[in-house]
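K.L.:
Just so you know, the sequence shown maps onto residues 1 to 417 in full-length UniProt numbering.
Glycine residues also receive a C-beta, built at the ideal position from the N, C-alpha and C atoms.
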Amino acid sequence: MDVPGTNSVNGAVFNVLNSIIGSGIIGLPYALSNAGMVTGLAMLVVVGLVSQFAIYTLVLTGKRVSAMHYSEVAHITLGTLGYQALSASIIVSLVGVVTTYLVILGDISSSLRQTYLPAQEWLTRTVSIAIVAHSGPMAKYSIVSVAALPIILLIIAIRAPVYASVTTATDYPVVIGPHVFRALGVLCFSYCSAHAAFQNFLGLRERTMKNWKRATTIATWIAIALCCAFAAIGLASFGSGVQANIFLNFPTTDAYVNIARVLFCLTLVLTFPLSFYPIRDTFTHLLHIHSQQRMVSGRVLESLLTVSVLTFVCIVAAKCTDLGVAYELVGAATATTISFIFPALIFLHGGTDVTLKSAMDFGSHPTASTVLPLLGNSGDTTSTHWRSLVWQWIGGWLTLVFGILVFIIGTISTLQR
1 MDVPGTNSVN GAVFNVLNSI IGSGIIGLPY ALSNAGMVTG LAMLVVVGLV SQFAIYTLVL
61 TGKRVSAMHY SEVAHITLGT LGYQALSASI IVSLVGVVTT YLVILGDISS SLRQTYLPAQ
121 EWLTRTVSIA IVAHSGPMAK YSIVSVAALP IILLIIAIRA PVYASVTTAT DYPVVIGPHV
181 FRALGVLCFS YCSAHAAFQN FLGLRERTMK NWKRATTIAT WIAIALCCAF AAIGLASFGS
241 GVQANIFLNF PTTDAYVNIA RVLFCLTLVL TFPLSFYPIR DTFTHLLHIH SQQRMVSGRV
301 LESLLTVSVL TFVCIVAAKC TDLGVAYELV GAATATTISF IFPALIFLHG GTDVTLKSAM
361 DFGSHPTAST VLPLLGNSGD TTSTHWRSLV WQWIGGWLTL VFGILVFIIG TISTLQR
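1. Tell me which residues share the same chain as Phe201 and place their Cβ nearer than 6 Å to its Cβ, disregarding the 5 neighbours each side in the sequence.
2. Going by CA-CA distance only, name the one from Val390, Asn7, Ile20 and Gln416 that's closest to Thr271.
3. So what does DSSP say about Leu287, is it helix, strand or coil?
4. For Arg10, which three-state DSSP category applies?
5. Residues in its own chain within less than 7 Å of residue 418 by CB, not counting five upstream and five downstream?
6. Of the residues Thr57, Pro173, Tyr101 and Val309, which one's Cα is nearest the Cα of Ala35?
7. With distances taken between CB atoms, is the gap from Phe407 to Ile341 smaller than 8 Å?
8. Assuming Glu328 is part of the alpha helix (DSSP H), what are its boundary residues?
9. Taking only runs of the alpha helix (DSSP H) that begin and end inside the segment 32–75, which ones reach a length of at least 4 residues, in chain order?
10. Nearest to Arg159 by alpha carbon, out of Ile233, Ile108, Gln199 and Ile222?
11. Please report the residue range of the alpha helix (DSSP H) in which Ser237 lies.
12. For the putative contact between Ile279 and Ile26, defined by C-beta atoms under 8 Å, what is the C-beta separation to the nearest angstrom?
13. Just the Cα atoms here: how many angstroms apart are Asp380 and Thr355?
14. Just curious, the alpha helix (DSSP H) that Ala197 is in, first and last residue?
15. Between which two residues does the alpha helix (DSSP H) harbouring Cys188 extend?
16. Would you say Tyr70 and Phe198 are within 8 Å of each other, going by their C-beta atoms?
17. Mark Ile412 as exposed unless 16 or more other C-beta atoms lie within 10 angstroms of its C-beta, in which case mark it buried.
18. Give me the Cβ distance between Leu323 and Val98, rounded to the nearest whole Å; I'm assuming they're in contact under 8 Å.
19. Can you tell me whether Trp391 is buried or exposed? The criterion is at least 16 other CB atoms within 10 Å of its CB, across all chains shown.
20. Using alpha carbons as the reference points, say which of Gly350, Asp107 and Thr384 lies closest to Thr77.
21. Buried or exposed: which applies to Pro150, given that a residue is buried once 16 or more other Cβ atoms fall within 10 Å of its Cβ?
22. How is Ser308 classed by DSSP in three states: helix, strand or coil?
23. Taking 7 Å as the line, does the beta carbon of Leu305 fall inside it for any heavy atom of the ligand GDP?
24. Could you give the DSSP three-state label for Arg205: helix, strand or coil?
25. Go ahead and pull the three-state DSSP assignment for Gly177.
26. When you compare each of Leu105, Val46 and Ala183 to Ala333 by their alpha carbons, which one comes out closest?
27. Helix, strand or coil for Gly403 per DSSP?
28. My assumption, with CB atoms under 8 Å, is that Ile176 sits in contact with Thr39. Please give the rounded CB distance.
29. For Asp281, count the other beta carbons within 10 Å of its own beta carbon; 16 or more makes it buried, fewer makes it exposed. Which is it?
30. If you draw a straight line from the C-alpha of Phe312 to the C-alpha of Pro178, how long is it?
31. Is the CB-CB distance between Pro29 and Ile246 below 8 Å?
32. Might you give, ordered along the chain, the residues of its own chain that have their beta carbon closer than 7 Å to the beta carbon of Leu94, omitting 5 neighbours on each side?
33. For the putative contact between Leu268 and Leu105, defined by C-beta atoms under 8 Å, what is the C-beta separation to the nearest angstrom?
34. What number of angstroms, rounded off, separates the C-alpha of Phe402 from the C-alpha of Ala255?
35. Give the straight-line distance between the Cα atoms of Thr220 and Tyr163, rounded to the nearest whole angstrom.
36. Taking just the CA atoms, how far does Trp393 sit from Pro373?
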């Protein structure tokens, strides 16, 4: 936490955006085919905004309790049981996330055969980047990754209509689809980024909440725009026949689509570490390796842990056959937990002094001694600011309720399938 960051706000924007947009983006047209075009796009916006609120308040709480690791903040605010539950959720969820990365890399590289770059080469590059100690050096690579997305989107937008009438009928639910709740799991999977919140915040040169709010807001709206465009184009082109991996709707002989495939593989390789690091960090905290990191034994243990987790993920990816079910189940059962439920609980327990009693009276505000820990400066104790704190508190409860509903309904819906 004492090591200074190296990223400007713009660098943090790219890191946050890169941690949001991963393998889930190619499953968004599939999600819209379940939810309906209008309903799906509306849900994309809502899930994106709730996600942004969650990662902002998560770091806000971390600053208040003087902890800059997700698990540590959970330990301080929710106790040992909450810490252990969060750690288990992070590990399970992110193992699912990075598994989908490798599944997609395998599918796409198989489609490319040996023309552009062998599958073994993609895996080698992914593993080598995953060994890096933290996400700070990833900012410049994140820019490359994010810059590739508009190119991928443009290629799909141009080429998809060419094959739409050939590959499948373009009928699709316009307003509301048959499986809205299953789609929610995929959407939550796509926006799962709370796991990387503290790493991205610590990468900032000036670690202020103003800079963090600006970075997360810009990144979220860019992500919403890209996700909505990608999802709408994919669904409009392939309709109800769109697959969980939209690249499978294209023939392997299209040179332009193959360029998009290569670029998307590059994006996944560069995004993989931002989801892998939190798995390793969570294990190091559970096993207390982080306290030994300055020692040779600590570095050796961390390296062994990295190799072990990577090996396990590769084995799971080799056994996974249905990408759609993986999206739905990981999104509903675990992504909602670490992206919405735990951030909301942490904020409500340790990030605010607002209570139900005080929130009922918008016209009053607490004493300076109560508000100061939240404000960070001694001058702002106005009623207007107190109202904003109350709205933040309300937002925390809405995020919690949203996360619980999606967790229960989405998981049951997917399991019933």
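P.N.:
This is what the structure gives:
1. Here the set comprises Val59 and Trp212.
2. Ile20
3. For Leu287, the three-state secondary structure derived from DSSP is coil.
4. Looking at the sequence shown, residue 10 is not Arg but Asn. Three-state DSSP puts Asn10 in a helix.
5. It is not possible to answer for residue 418, since the shown part of the chain is limited to 1 through 417.
6. Pro173
7. yes
8. Leu323 to Val330
9. 37–64
10. Ile233
11. Met209 to Phe238
12. Not confirmed; about 22 Å, so no contact.
13. Because the pLDDT at Asp380 is just 49, under 50, the model does not fix this residue reliably, and the point stays unresolved.
14. Run containing Ala197: Ala197 to Leu202, per the alpha helix (DSSP H) assignment.
15. Val180 to Ser190 is the extent of the alpha helix (DSSP H) around Cys188.
16. A contact, by the Cβ cut-off of 8 Å.
17. Label assigned to Ile412: exposed.
18. Incorrect: roughly 14 Å between the Cβ atoms, too far for contact.
19. exposed
20. Gly350
21. With fewer than 16 Cβ atoms within 10 Å of its Cβ, Pro150 is classed as exposed.
22. helix
23. The ligand GDP is absent from the structure shown, which contains no ligands of any kind.
24. coil
25. coil
26. Ala183
27. helix
28. For Ile176 against Thr39, the beta-carbon gap comes to about 5 Å, under 8 Å, which counts as contact.
29. buried
30. Computed Cα separation, rounded: 36 Å.
31. yes
32. The beta carbon of Leu94 is closer than 7 Å to those of His195, Ser275, Pro278 and Ile279 in its chain, skipping five residues each way along the sequence.
33. 6 Å
34. Roughly 43 Å between the two C-alpha positions.
35. 31 Å
36. A caution first: Pro373 carries a pLDDT of 47, below 50, which makes its placement in the model unreliable, though a value can still be read off. Their Cα atoms are separated by approximately 15 Å.
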